[in-house]
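> Could you have a look at this structure, given as C-alpha cells, before my questions?
2 protein chains.
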Amino acid sequence: MASVPRRADAAQNRARIVECARALVVRPGELKLNEVAKAAGVGQGTLYRHFPTRDDLLIEVYRADVEALVAAAPELLAEQPPLEALHSWLRRVAEYARVKRGVFAAVTASVRTDLAGHSVGSIAEAITLLLDAAKAQRVARPDVDARDVVLLLGSLMKIDDDEWDTRAGHLIEIILAGLRS
Amino acid sequence: MASVPRRADAAQNRARIVECARALVVRPGELKLNEVAKAAGVGQGTLYRHFPTRDDLLIEVYRADVEALVAAAPELLAEQPPLEALHSWLRRVAEYARVKRGVFAAVTASVRTDLAGHSVGSIAEAITLLLDAAKAQRVARPDVDARDVVLLLGSLMKIDDDEWDTRAGHLIEIILAGLRS
DNA sequence: ACCTGAACACCGTTCAAGT
DNA sequence: ACCTGAACACCGTTCAAGT
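For the protein sequence lines, the chains are A and B, in the order given.
Sequential numbering from 1 applies to the first sequence in the working numbering.
Sequential numbering from 1001 applies to the second sequence in the working numbering.
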C-alpha cells in the first residue's frame, strides 16, 4: 500500500496531489477530494489510484509533521525529566494542531494504521516511550496507555479558534494531571 | 425558537418527526434527515420548518435524557461528597453515551445554545454545580470550568464499541484525576 | 399557517474508454 | 501501467405550488 509508482509521470502526479492537498487543507472545512484532483490537474480516478482512502492522503500530507513529533519524543526525554518531557511533547502536539488542524486526523489515522501494520517509529510508540519513562520513575499512573492519551488529546480539536490561547494549555495541564500518579 | 405549533396537525407532525428520529438515531452512522422525514411521512420541508438545524432536532430527540442528567447532579450531590458525586455523574454520562451515541451531540449542542439563550437547568449549569461544590471543599482545581469537562468528555465518543467496557471507566478516572486539586 | 416533493447543490466514488 | 472525466449515488437544503 502507498508504494512508490514505477512510472515517472505517476510519481509526479502523486507528488503534485500531495502538494495541492497540503495547500488546500489549511482552508476551513473538510478537504474536498475532487478539489484536490482539480487543483493538481489530474482526474479523480488518479487521486483514488494513489490514495484509496482519505486517511491515506492525510497521512501523506502530514507525514513530515508526524515524523517530527515522533522524533521529538526521545529528544525531549534526553533533556528533561519524564513528566516534563511528556508535558513539553503534549504542548508541541497542541501547537501543530492549532496551526494545522488536520494533523490530528493524520495522527489518529496513523494510530489506526499502526494497529494493523505495526510501522516503526509511530506516534503510538513515541507516546509509549514517554509514558514508560514516567512510569519507571513512578510519576505516571501505571495503567495508562498511548490510546488513552490520543483519545484525550482529541478534545483539543473541538476548541474554537477564538478561545484557543486560553483553553489549549489549560486542557493539557488537566490531561497531564490526570496521567500523573 | 422551537415554539409549539398553533395548529393540531403541525403539532402531530412535529411529534412524529421526533419519534421517528429517536427510532432511527440508534442506527450506526449519522442520522439521515431525509430518511427521518420519509419515516415520519412528511415532506422534507416540514422537517426543516420544525427543526431549522440538525442540532435543533437532536436536542429535541434527547431532551428527556439530557434533563435526566441535569436533574441527577443535585441529587448525587445530596448523597455524596462533591468529588464522588462528580465521579458518579461522569459515569452516568458515559452510560448514556454508550447506549445512545447521539446524546453527546445533543449535550454539546445544548452547551452551545446555552451561550446564546442562557436556558435554565442546562448541562453547563449541572457541571458547574458539581465543580463549584468540589472547589468549595478545595478538592477540585479552582481553574477548571464546565467547558473543560465537556471537551474532555468528548473523548468518550471516539471509543470503539469493542473496547468500551475497559476504556470508558478508565478515561473517566483519568479525567477526574485531572480535575482534582 | 402549514405541507408537499420536485429540484438543486454538493461531494464522494466508480468505471469504461483511452494512452 | 496509468490516466481521464462522465456518470452515478447520496444527502442536505430550498422553494414554488398547493391545502
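Using N, Cα and C, we set each Cβ at its ideal position, and we do this for glycine too.
Please list the terminal residues of the continuous alpha helix (DSSP H) segment that includes A/Val93.
First-last of the alpha helix (DSSP H) with A/Val93: Pro82 to Val99.
> Following the continuous alpha helix (DSSP H) through B/Ala1073, name the residue where it begins and the one where it ends.
Arg1063 to Glu1079
> Express the C-alpha separation of B/Asn1034 and A/Gly154 in angstroms, rounding to a whole number.
30 angstroms
> Report yes or no: is there a C-beta of chain A within less than 8 angstroms of the C-beta of B/Ile1123?
no
> Which residues in chain A sit within 7 angstroms of B/Leu1086, going by Cβ to Cβ distance?
By Cβ distance, chain A contributes nothing, its closest Cβ being about 13 angstroms from B/Leu1086, past 7 angstroms.
> B/Arg1180 bridges to which residues according to DSSP?
Beta-bridge pairing links B/Arg1180 to B/Ala1140.
> Who are the near neighbours of B/Ile1127 in its chain, counting only those whose CB is closer than 6 angstroms to its CB and skipping five residues on each side?
Ala1146 and Val1149
> Measuring straight from C-alpha to C-alpha, what distance separates A/Lys158 and B/Arg1027?
Their backbone Cα atoms lie some 24 angstroms apart in a straight line.
> Tell me, please, whether the segment 1060-1069 of chain B touches the segment 1093-1111 of chain B by the rule of three or more beta-carbon pairs shorter than 8 angstroms.
yes
> Considering only the alpha carbon of each residue, which of A/Thr113, A/Ala73, A/Ala8 and A/Asp9 lies closest to A/Glu60?
A/Thr113
> Would you give the residue range spanned by the alpha helix (DSSP H) that A/Leu31 belongs to?
Per DSSP, A/Leu31 belongs to no alpha helix (DSSP H) and is neither H nor E.
> Could you list which residues in chain A have their beta carbon closer than 7 angstroms to that of B/Val1144, in chain order?
In chain order, Ile174 make up the part of chain A whose C-beta sits under 7 angstroms from the C-beta of B/Val1144.
> Give me the Cα-Cα distance between A/Gln44 and A/Asp9, rounded to the nearest whole angstrom.
16 angstroms
> Excluding the five sequence neighbours on either side, which residues of its own chain have a C-beta within less than 7 angstroms of the C-beta of B/Val1093, listed in chain order?
The residues are Leu1069 and Leu1153.
> What residue from A/Ile123, A/Leu151, A/Arg22 and A/Arg180 has the CA that sits closest to A/Glu39's CA?
Note that residue 39 of chain A is Ala in the sequence shown, not Glu. Nearest option by C-alpha distance: A/Arg22.
> Between B/Glu1125, B/Arg1101 and B/Lys1100, which lies nearest to B/Ser1110 when the distance is taken from Cα to Cα?
B/Glu1125
> Taking the straight line between their C-alpha atoms, what separation do you get for A/Glu95 and A/Arg167?
If you take the alpha carbons of A/Glu95 and A/Arg167, they lie about 12 angstroms apart.
> May I have the straight-line CA-CA distance separating A/Leu151 from A/Arg141, to the nearest angstrom?
16 angstroms
> Under the rule that 16 or more other beta-carbon atoms within 10 Å means buried, what is A/Val99, buried or exposed?
exposed
> The segment 35-61 of chain A: which residues have C-beta closer than 7 angstroms to a C-beta of chain B, in chain order?
none
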